[in-house]
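For reference, the structure discussed in these notes is given below.
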Amino acid sequence: MASLIDGKQISQQVIDEVALGVTAFRQHYARTPGLAVVLVGEDPASQVYVRNKVKRAGEVGMNSIEHKLPADCSQETLNQLIAELNANPAVDGILVQLPLPDHLNEAEVIAAISPQKDVDGFHPMNVGALACGEPALVPCTPLGCMIMLRQVCDDLSGKHAVVIGRSNIVGKPMAALLLQANCSVTVVHSRTRNIEAICSQADIVVAAIGRPEQVKSSWIKPGAIVIDVGINAIERDGRRRLVGDVDFANAEPLASAITPVPGGVGPMTIACLMQNTLTAARAIEAQREARLKAG
Ligand code: NAP
């Protein structure tokens, strides 16, 4: 039987640490870290995500500033808002809730955010720094997965990790983080042949596919650690339920440790957003101090 990697509990530890860090930051710098969250349009899921992020920021003692723009807002209006937030000294982190309406260019918006305030870690400068193994703001979901992995495995070095999925927000940064932790990393995706054979050799499986219960027990090596990033809404027995990308019921008896859905990776993502905002605020202040010292 696998041990459950409890995302609610681990994310609370992260939140508690960030709250302590925010208190120390306020005492030291006489200001409060600030997170700006930008929501374009009225997508119900995005509204829930934004509400939760703003709520969490309040819980850790940060300021949060919510900016709502209409669904038909222009690229120029959005770019202008980002430029203002980049220049605002009360803002340490900027998050533009994705996806954006179709007429807006997501890549242009991400590139417009100051890399220093890019708490989602999606800016090409942060993506490049992560790939080079340099300090970077790292995307929140893979960051949360790494924290969970470290809870159940002290030394990831030499482990064979298979990441299923190659998206920019989960799969690719996850692979980069596992490489940094000295894992041997294989990334598989929709065009990979023999996924089952590859996965069944893995010491660590990270599933980020977006397909309900796609990863079967035959894909899991006995004793493997399984991190399930997927969140899929399905109908079962006449009820709507959330399931992951892993067939949890059949994988759990084989794995040594596994994340549940819900209550696994999900809560870690927002906790890591808070951690990234504090990291960004500290880096901004460190740079300000260095500038002052240099005269
Ligand atoms: P995405 O952008 O749709 O990427 C999915 C990836 O899975 C792609 O690389 C795709 O391959 C691959 N894939 C699709 N079908 C496959 C198959 N049958 N076999 C192997 N690979 C397959 O999704 P994402 O944004 O990375 O998200 C993945 C899942 O994680 C979703 O369920 C999402 O809701 C969830 N998620 C959760 C959190 C959280 O906080 N817990 C955060 C982000 C995402 P190709 O590249 O070849 O198309």
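The C-terminal residue of the sequence shown carries number 295 in the working numbering, and the numbering is unbroken. Cβ atoms here follow ideal geometry from the backbone N, Cα and C, with glycine treated the same way.
Just reading off the alpha helix (DSSP H) that residue i is part of, what are its end residues?
i: Ala-207; result: Where Ala-207 is concerned, there is no enclosing alpha helix (DSSP H), although the beta strand (DSSP E) it sits in stretches over 204-207.
i: Leu-69; result: Premise fails: Leu-69 lies in the beta strand (DSSP E), 63-69, not in any alpha helix (DSSP H).
i: Val-54; result: 44-59
i: Ile-270; result: 265-294
Return the bridge partner residues of residue i from the DSSP annotation.
i: Ser-3; result: Ala-257
i: Arg-241; result: Ile-234
i: Asp-228; result: Ala-207
i: His-160; result: Ser-184
i: Ile-94; result: Ala-36 and Asp-118
Apart from the five residues on each side of it in sequence, which residues of its chain come closer than 7 Å, Cβ to Cβ, to residue i?
i: Glu-17; result: none
i: Arg-240; result: Ala-233
i: Leu-4; result: Ile-258 and Pro-260
i: Leu-123; result: A small correction: the amino acid at residue 123 is His; Leu does not occupy that position in the sequence shown. Result list for His-123: Ile-110, Ala-111, Ile-113 and Pro-115, in chain order.
i: Ala-175; result: Val-163, Val-185 and Val-187
i: Leu-143; result: Cys-272
i: Asn-79; result: Ala-112
Leaving out five residues on either side along the sequence, give the residues of the same chain with a beta carbon under 8 Å from the beta carbon of residue i.
i: Ile-198; result: Val-162, Thr-186, Val-188 and Thr-192
i: Val-152; result: Ser-3, Ile-5, Ile-225, Ser-256 and Ala-257
i: Ile-195; result: Ile-164, Val-188 and Trp-219
Could you tell me the boundaries of the beta strand (DSSP E) in which residue i lies?
i: Ala-36; result: 34-40
Are there any heavy atoms of ligand 1 lying less than 7 Å away from the beta-carbon of residue i, as far as the coordinates show?
i: Ser-217; result: no
i: Ala-208; result: yes
i: Gly-171; result: yes
i: Asn-194; result: no
i: Asn-232; result: yes
i: Ser-11; result: no
i: Thr-269; result: yes
i: Ala-238; result: The residue asked about is misnamed: residue 238 is Gly in this sequence, not Ala. Gly-238 Cβ: outside cutoff for every heavy atom of ligand 1.
i: Ile-15; result: no
i: Ile-147; result: no
i: Ser-190; result: yes
i: Thr-141; result: yes
i: Asp-245; result: yes
i: Arg-241; result: no
Within a Cβ cutoff of 6 Å, which residues of the same chain sit near residue i, ignoring the five residues on either side of it in sequence?
i: Cys-183; result: Leu-156, Lys-159 and Ala-161
i: Gly-165; result: Gly-171, Ala-208 and Ile-209
i: Met-146; result: Leu-177
i: Ile-204; result: Lys-159, Ala-161 and Ile-225
8 Å is my cut-off, CB to CB: does residue i come that close to chain C?
i: Ile-82; result: Here there is only one protein chain, and chain C is not present.
Quiz prompt | Length-filtered (3 minimum) beta strand (DSSP E) runs lying within the region 96-142 | solution = none
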